[in-house]
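**Q**
In our numbering, the protein residues as written are 1312 to 1451.
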């Protein structure tokens, strides 16, 4: 069969459509072609957060050097920044990660102190039954 639209020859005599262009070989067959659904384009949103300045990061860590209250203020600000809606996303994620790391470190520190202070050699030293030399000999 020869296609009326493109002129190509097909080997299949029983074919209803041209293998190349898709045109109908039969005149009485009407093909209903579905229109393609509209393609939706998603809008690309740009990151509108401004980067956190270097001096802001430096000031955050300098807060730790304030005697007595620096550590408490640092943890307080970490909690505030991790829960605040107006904090830039990068600083919010950093505050959350640092807060989790601080909590885990604090738990490990408590366990280490508990194991050290519950050591029988330390208890004997605190009670005055052994001296410093005997304490180090019993530990090492």
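Glycine included, each C-beta is placed from N, C-alpha and C at the ideal position.
What you are looking at is a predicted structure, and each value in this text was computed from that prediction instead of being measured.
Which of the three DSSP states, helix, strand or coil, is assigned to residue 1397?
**A** It is coil, neither helix nor strand.
**Q** Among residues of its own chain, excluding the 5 on either side of residue 1385, which ones have a beta-carbon nearer than 6 Å to its beta-carbon?
**A** If we look at residue 1385 and ignore the five residues flanking it on each side, its Cβ neighbours are 1374, 1375.
**Q** Starting from residue 1320, follow its DSSP beta bridges and name the residues at the other end.
**A** DSSP output for residue 1320 lists 1313 as bridge partner(s).
**Q** State the DSSP-derived secondary structure class of residue 1372, mapped to helix, strand or coil.
**A** Residue 1372: helix per DSSP, three-state reduction.
**Q** Would you grab the beta carbon distance between residue 1406 and residue 1393 for me? Rounded to a whole angstrom, and I think it's under 8 Å.
**A** Correct: roughly 4 Å between the Cβ atoms.
**Q** Once you ignore the five residues that flank residue 1329 on each side, which residues in its own chain have a CB closer than 6 Å to its CB?
**A** 1314.
**Q** Quick check on the DSSP output: the alpha helix (DSSP H) that includes residue 1334 runs from which residue to which?
**A** Segment: none, residue 1334 is in no alpha helix (DSSP H) and carries neither H nor E.
**Q** In chain order, which alpha helix (DSSP H) runs of at least 4 residues are fully inside the stretch 1410 to 1448?
**A** Whole alpha helix (DSSP H) segments, 4+ residues: 1431 to 1438.
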